[in-house]
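Visitor:
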Amino acid sequence: MTRIDVTKPFLPPVEEYIHYVEKVWQSNQLTNQGPFLREFEREVSAKLEIESNSFQFVANGTIALQVALKALGVSDGEVITTPFSYVATTSAILWERCKPVYVDINPDTYCIDASKIERAITPRTRAIVAVHVFGNPCEVDKINEIAQRHNLKVIYDAAHAFGVKYNNQSLLKYGDISTCSFHATKLFHTVEGGAIICHDKRVNEEVDLIKRFGHIGDDHQKLGINAKSSELNAAMGLCNLKYIDQIIEKRKLLSDVYNKHLSNIIKTMHVENNTVQNYAYYPIMLHDEKSTLKLIELLNSNDIYPRRYFYPSLNTLPYVKGKKSCPVSEDTAVRILCLPLFYELTVSEVELICGLIKEMLNDV
Ligand SMILES: *Cc1c(COP(=O)(O)O)cnc(C)c1O
């Protein structure tokens, strides 16, 4: 039997990638906002239905968050954020010398609980960094209203939200900035990569300057960093973009099979109203940590490797100071598992996984 991991990167037919590689060899332009990068930015923004000049392709999703904080002038203050995410959401905040202030999550959506944000605001609060967890939209209207009232910036870590629509438009349109990750393990990938989506022209220019060392020619305007991506990464994006509808369709089919077997016996993903999902993840919630670990063991013994997304709750990280408890997030983190979901996974493999889950649940 072959090993089944939580995810497996999609690879386009190799000839299609080689076609781009040959052109890169001819042009000799490898990076620095080359023709494929610009073509990719145009095509991907058209696909997502956002204006192409509001989309900037960068090296990864973590640097996208860091550049977003810098470009919005968020430095050394407090940033309200979620404890339930991949570690990069918190590390970007800490790396930019800000203090993460954790606000607990909604137990159904796993996103930050907007009704708890206001009481965490202090005179030092600068921004809110929220995550559309597993592609489920945050309470964007409420968060926007709070931010307006307290003059805070809003950044959405939209690493899971590629292709998600909310209220008939791209979820990436919300907030001062949304960031994406195009890492190999994500729904849509460029091997490594990320994006900064921003609809304000001035902030966009700031992002553009910061991401390439803060200078234009010999004119050094401000402190920058290298957040650029390359022609070869853009080429992978151009190849994969042609398959994204097919990829999402297959993931939908597999998710429906999971739902058919599991949604009556275990807590599965809740989807907000007015949302067109992208089927990036398939999380389930067990009753307690003990049964979660038991299920991992059973699946592992069958060469199946789900992942504890997200564990641990970020407010408990050893290098986060001034720990504050977030009971919902801490409880979720020890009970949640993301099941395998990727393009090459088959219906019978999903049925096998569901069978093992049922077997374990009947056992307890
Ligand atoms: C993957 C991920 C990131 C980091 O993206 P990279 O491209 O790997 O740097 C950030 N936030 C979330 C929620 C993620 O899942």
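Under this note's numbering, the residue at position 280 of the sequence shown is numbered 275, and the numbers go up by one with no gaps. Think of the CB as a built atom: it goes at the ideal place given N, C-alpha and C, for glycine as much as any other residue. Just so we're clear, the structure is a prediction, and the values are computed from it rather than from any experiment.
For L290 and I260, what's the separation of their Cα atoms in angstroms?
Guide: As a position in the sequence shown, residue 290 is number 295, starting the count at 1. As a position in the sequence shown, residue 260 is number 265, starting the count at 1. Each residue's alpha carbon lies about 14 Å from the other.
Visitor: Does the beta-carbon of P322 have 16 or more other beta-carbons within 10 angstroms, so that it is buried, or is it exposed?
Guide: Residue mapping note: residue 322 aligns to position 327 of the sequence shown, counting from 1. When all chains shown are included, P322 counts as exposed.
Visitor: Please give the ranges of any alpha helix (DSSP H) in the stretch 96 to 150, keeping only runs that are unbroken, at least 4 residues long and fully inside the region.
Guide: Counting only runs of 4 or more, we get 135 to 145.
Visitor: Would you check if there are 3 or more beta carbon pairs closer than 8 Å linking the stretch 229 to 244 to the stretch 67 to 84?
Guide: no
Visitor: From D283 to E226, what distance separates their C-alpha atoms?
Guide: Position 288 of the sequence shown, counted from the first residue, corresponds to residue 283. Position 231 of the sequence shown, counted from the first residue, corresponds to residue 226. Distance between the alpha carbons of D283 and E226 is about 46 Å.
Visitor: Using 10 angstroms around the beta-carbon of E354, count the other beta-carbons present and answer buried if the total reaches 16, otherwise exposed.
Guide: Indexing the sequence shown from 1 puts residue 354 at position 359. So E354 counts as exposed.
Visitor: Among the candidates R197, D195, A222, F5, whose CA atom is the shortest distance from the CA of F208?
Guide: Counted from its first residue, the sequence shown places residue 208 at position 213. Distance from the Cα of F208 is smallest, within the candidate group R197, D195, A222, F5, for A222.
Visitor: Do you know how far the Cα of L249 is from the Cα of F337?
Guide: In the sequence shown, residue 337 corresponds to position 342, counting from 1. In the sequence shown, residue 249 corresponds to position 254, counting from 1. Each residue's Cα considered, the two are about 9 Å apart.
Visitor: Return yes when at least one heavy atom of ligand 1 lies under 7 Å from the C-beta of D213, else no.
Guide: Your numbering for residue 213 matches position 218 in the sequence shown. Checking the Cβ of D213 against ligand 1 gives no.
Visitor: Report yes if the C-beta distance between H127 and A153 is below 8 Å; otherwise report no.
Guide: Within the sequence shown, the letter at position 132 stands for residue 127. Within the sequence shown, the letter at position 158 stands for residue 153. Contact: yes.
Visitor: I'd like the span of the beta strand (DSSP E) that includes L236, first residue to last.
Guide: Residue mapping note: residue 236 aligns to position 241 of the sequence shown, counting from 1. No beta strand (DSSP E) holds L236; the alpha helix (DSSP H) holding it covers 226 to 236.
Visitor: Under the assumption that V252 contacts V345 (Cβ atoms under 8 Å), give the Cβ distance between them as a whole number of angstroms.
Guide: The sequence position of residue 252 within the sequence shown is 257, counting from 1. The sequence position of residue 345 within the sequence shown is 350, counting from 1. So it is a contact: roughly 5 Å between Cβ atoms.
Visitor: Among L60, L347, Y276, C133, whose alpha-carbon lies nearest the alpha-carbon of K245?
Guide: For this step, residue 245 is matched to residue 250 along the sequence shown. Checking every option, the nearest Cα to that of K245 belongs to Y276.
Visitor: Is DSSP giving P30 helix, strand or coil here?
Guide: To locate residue 30, count along the sequence shown from 1; it is residue 35. When secondary structure is reduced to three states using DSSP, P30 falls in the helix class.
Visitor: Could you work out which residue in D136, K318, A41, T180 is closest to Y81 when comparing CA atoms only?
Guide: Working through the sequence shown from its first residue, we reach residue 81 at position 86. Selected option, being the one with the closest Cα: T180.
Visitor: Helix, strand or coil for C93, going by three-state DSSP, please let me know.
Guide: One-based indexing of the sequence shown puts residue 93 at position 98. Of the three classes helix, strand and coil, the one that applies to C93 here is coil, per DSSP.
Visitor: Does the structure place the stretch 120 to 134 close enough to the stretch 143 to 158 that three or more beta carbon pairs sit under 8 Å?
Guide: yes
Visitor: Does the Cβ of K181 lie closer than 7 Å to at least one heavy atom of ligand 1?
Guide: Against the sequence shown, residue 181 aligns to sequence position 186. Within the cutoff, so yes.
Visitor: Taking the straight line between their C-alpha atoms, what separation do you get for F157 and Y238?
Guide: In the sequence shown, residue 157 corresponds to position 162, counting from 1. In the sequence shown, residue 238 corresponds to position 243, counting from 1. C-alpha separation (whole angstroms): 14 Å.
Visitor: For N221, which beta-bridge partners are listed by DSSP?
Guide: Within the sequence shown, the letter at position 226 stands for residue 221. R207.
Visitor: Rounded to the nearest angstrom, what separates N203 and T84 at their Cα positions?
Guide: The residue you call residue 203 lines up with position 208 of the sequence shown. The residue you call residue 84 lines up with position 89 of the sequence shown. For the record, residue 203 in the displayed sequence is Asp; it is not Asn. Whole-angstrom Cα-Cα distance: 21 Å.
Visitor: Is Y304 buried or exposed, if buried means 16 or more other CB atoms sit within 10 Å of its CB?
Guide: Residue 304 sits at position 309 when you count from the first residue of the sequence shown. Flag for Y304 reads buried.
Visitor: Indicate the three-state DSSP secondary structure (helix, strand or coil) for M164 in the structure shown.
Guide: Numbered from 1 along the sequence shown, position 169 holds the residue referred to as residue 164. In the sequence as presented, Met is not what sits at residue 164; that position holds Gln. Correct three-state label for Q164: strand.
Visitor: Kindly indicate which three-state DSSP category A54 falls into: helix, strand or coil?
Guide: Sequence index remark: in the sequence shown, residue 54 carries index 59 (1-based). DSSP places A54 in coil when its eight states are reduced to three.
Visitor: Check the DSSP bridge columns for M280 and list the partner residues they point to.
Guide: Locating residue 280 in the sequence shown gives position 285, where the first residue counts as 1. Looking at the DSSP assignment, M280 forms a beta bridge with K262, I331.
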